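In the numbering used here, the protein residues as written are 527 to 690.
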């Protein structure tokens, strides 16, 4: 019975952290999503590593964080979409690095590394694009970004939790 209280309290704190982080300010929104995305990506790579595949954890984490951090100013309209082309060398470097790792199954390793980016980083990198849409929902702390509204992302998480 003691375990159920601990789990409930932990779950409540996580919900408060996520909803508060998303709704507080645009900076806290971006940092909260970055922390969650990094944790999920690391956990994915850890699970794949336990199955015997040697994924490029560090390169995947750096690339994932770079993709997310670049998507924020692009979504806010501060950078053009063409800046995403700057990410191509990171992906090419991961492929070249895999050639020199002398792994038993290099294509499996590369596939799992890229799949983590596709499965985790891509959805989280789309969150800023939905948050920087014009909406009537406002954040708790006033800010200068008039087009920022976390309502769509918060609604997504609420639907996800209710479905769970």
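Don't be surprised by glycine CBs; every beta carbon is placed ideally from N, CA and C.
Owing to the predicted nature of the structure, the values given are computational and were not obtained by experimental measurement.
Query                                                                                                                                                                 : Result
For residue 620, which three-state DSSP category applies?                                                                                                             : helix
Within 10 angstroms of the Cβ of residue 562, are there 16 or more other Cβ atoms? Answer buried if so, exposed if not.                                               : buried
Of all the options 541, 528, 537, 533, which has the alpha carbon lying nearest to the alpha carbon of residue 681?                                                   : 541
Expressed to the nearest angstrom, what Euclidean distance is found between the alpha-carbon atoms of residue 619 and residue 560?                                    : 23 Å
Looking only at its chain, what residues have a beta carbon closer than 8 Å to the beta carbon of residue 588, apart from the 5 residues adjacent to it on each side? : 616
Along the chain, where does the alpha helix (DSSP H) that runs through residue 638 open and close?                                                                    : 632 to 642
Please report the straight-line C-alpha distance between residue 529 and residue 688, rounded to a whole angstrom.                                                    : 22 Å
By alpha-carbon positions, which one of 577, 581, 612 ends up nearest to residue 594?                                                                                 : 612
Are three or more beta carbon pairs between the segment 643 to 657 and the segment 595 to 604 nearer than 8 Å?                                                        : yes
May I ask you to report which of helix, strand or coil DSSP gives residue 602?                                                                                        : coil
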